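Asker:
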Amino acid sequence: MNFKIETLPFGDFESVKITSLISGDSLTVCNYGATVTSYTYITNQGGADILVPYHSPEQLIKGEAAVNWIMAPFSNRMREGTYSFNGRSYHLNDQSGKSHGMVRKMIFKVEEIGQTEEEVIIKYHTQISPEMFSAYPFHTGIAVTYRFRNKKLGLSIEGTNLGTDPLPFGCGWHPYFYSGGQLINSFRLYIPSEEVVVTDQQLVPLQSNHIKKISSDDILYFADPAPVRMIGDSVVNACYTNLKPGQNGLIESVLTDTINKTAFRIFQERGVFYAYTPESLRGEKRKSIALEPVEFITDAFNRDELKDQIVLLPGEKRSFEFGIIRGSL
């Protein structure tokens, strides 16, 4: 086989570590939130982190900045922490999670670890029962599947309505790409979109006229395929919409590390794409960037134009697929 698979303790939790014996790429996923705690590759200087890692269970539980979270049954935030569905209003609190959903604090069960010559598949599953969260009293099954290949990581999040009434559901991923010892400023970014979502001061989309076309001289514009724009000292916190798929039908944004001569293609089948450059994360200034494939824009449960898209009928399921491909320049 072309992979080494290990099951390792991570404090009170359990992790699965996969290493490609061909490329040296390595992925570690913890059952707490089905969260990636490490994703690395080999450079000329040795091992390097693709994503910001978790070094301890305490760091994972704290969950600063939502690093690498699986976001479900909703992503991002709701206007004033509330939403309405089927004539009832619900208020999100600290227990339910005011941002990015509830599952990041839930223990997932490993349902399957499968291996072929080409890939390793890890399937995680958990359930939200009606009594768990007053802000989301819907019986929902959530499955997260990781498909680890040589130089490629594929993910899917699937929501299933296990109840007898309709429920709202949306999902996404919140990975932070790590620049190592260099500033993220030197990286180049391509996003196949010329439109961003306009928000208020709480970063919630406006109720009307919430889409803005951006010009090539805008600080948020990263749609030029060549030459791909350097991030520089840009401060970015934006949702890109109306993403343009490539010839293969997938939407692909690209983060390029010119020093290590590596490109990371973040692909997704549909949805929107968030880019965020934190000024500091864990005390490191501008060493990471969040690039997030997500089903829907922020506050999706409250938006009339999405009221049909978010719904799962009893017995219905919906999945969202995305991932990362690593290539050399």
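Each residue of the sequence shown is one higher than the one before, counting from 686 in the numbering used here.
Positions of the beta carbon are idealized from the N, C-alpha and C atoms, including for glycine.
Since the structure is predicted, the reported quantities are computational estimates derived from the model, not experimental observations.
Just grab the DSSP bridge partners of H776 for me.
Answerer: T767
Asker: Which residues does DSSP pair with D734 in a beta bridge?
Answerer: T725
Asker: Where does I746 fall in DSSP's three states?
Answerer: helix
Asker: Indicate the three-state DSSP secondary structure (helix, strand or coil) for N870 in the structure shown.
Answerer: N870 carries a helical assignment under DSSP once its states are collapsed to helix, strand and coil.
Asker: How long is the line joining the alpha carbons of K898 and A733, rounded to whole angstroms?
Answerer: 36 Å
Asker: Where do the N-terminal and C-terminal ends of the beta strand (DSSP E) with D942 fall, by residue?
Answerer: I936 to D942
Asker: Just to confirm, is the Cβ distance from S952 to I1010 under 8 Å?
Answerer: Position check: residue 952 holds Phe in this sequence, whereas Ser was assumed. The answer is yes: Cβ separation under 8 Å.
Asker: When DSSP labels each residue in this structure, what does R914 get in the three-state scheme?
Answerer: strand
Asker: Excluding the five sequence neighbours on either side, which residues of its own chain have a C-beta within less than 6 Å of the C-beta of T830, listed in chain order?
Answerer: Here the set comprises K808 and S841.
Asker: Using a 10 Å radius around the Cβ and a threshold of 16 neighbouring Cβ atoms, would you call K794 buried or exposed?
Answerer: When all chains shown are included, K794 counts as exposed.
Asker: Quick check on this structure: which residue in P860, K929 and S965 has the alpha carbon closest to the alpha carbon of E954?
Answerer: K929
Asker: Do you know offhand how far I996's Cα is from P853's?
Answerer: The question names Ile, yet the displayed sequence has Val at residue 996. Rounded to the nearest angstrom, the two C-alpha atoms are 5 Å apart.
Asker: Would you kindly check if the distance between the Cβ of G839 and the Cβ of E1006 is under 8 Å?
Answerer: yes
Asker: Would you call the CB atoms of V1017 and I798 closer than 8 Å?
Answerer: The question about residue 1017 has no answer, for the chain in this structure spans 686 to 1014.
Asker: With distances taken between CB atoms, is the gap from K972 to S1013 smaller than 8 Å?
Answerer: no
Asker: Given a threshold of 16 other Cβ atoms within 10 Å of its Cβ, counted over all protein chains shown, does S711 qualify as buried or as exposed?
Answerer: buried
Asker: Is the beta carbon of T983 closer than 8 Å to that of I974?
Answerer: no
Asker: Could you check which residue in L940, G917, L736 and Y875 has the C-alpha nearest to that of A911?
Answerer: Looking from the CA of A911, the closest CA among L940, G917, L736 and Y875 belongs to Y875.
Asker: Evaluate contact between the stretch 863–872 and the stretch 745–763, counting only Cβ atoms and requiring at least three cross-stretch pairs below 8 Å.
Answerer: no
Asker: Opposite Y739 in the DSSP bridges: which residues?
Answerer: In DSSP, Y739 forms no bridge with anything.
Asker: Using only the alpha-carbon positions, how far apart do D902 and M763 sit?
Answerer: Rounded to the nearest angstrom, the two C-alpha atoms are 31 Å apart.
Asker: In terms of residues, what are the limits of the beta strand (DSSP E) holding G826?
Answerer: T825 to R834
Asker: Quick test of your reading: G786 and F759, contact by CB under 8 Å. State the CB separation rounded to the nearest angstrom.
Answerer: 5 Å
Asker: Name the one or two DSSP bridge partners that A960 has.
Answerer: A923 and L976
Asker: For N987, name the three-state secondary structure that DSSP assigns.
Answerer: helix
Asker: In this structure, how does DSSP classify A751 when only helix, strand and coil are distinguished?
Answerer: helix
Asker: Would you kindly report the start and end of the unbroken beta strand (DSSP E) that includes N846?
Answerer: K837 to N846
Asker: With a CB to CB cut of under 6 Å and the five nearest residues on each side skipped, what residues in its chain are close to G709?
Answerer: I727
Asker: With DSSP as the reference, label V788 as helix, strand or coil.
Answerer: Correct three-state label for V788: helix.
Asker: Helix, strand or coil: how does DSSP classify Q886 here?
Answerer: coil
Asker: Tell me which residues share the same chain as L706 and place their Cβ nearer than 7 Å to its Cβ, disregarding the 5 neighbours each side in the sequence.
Answerer: N687, F688 and K689
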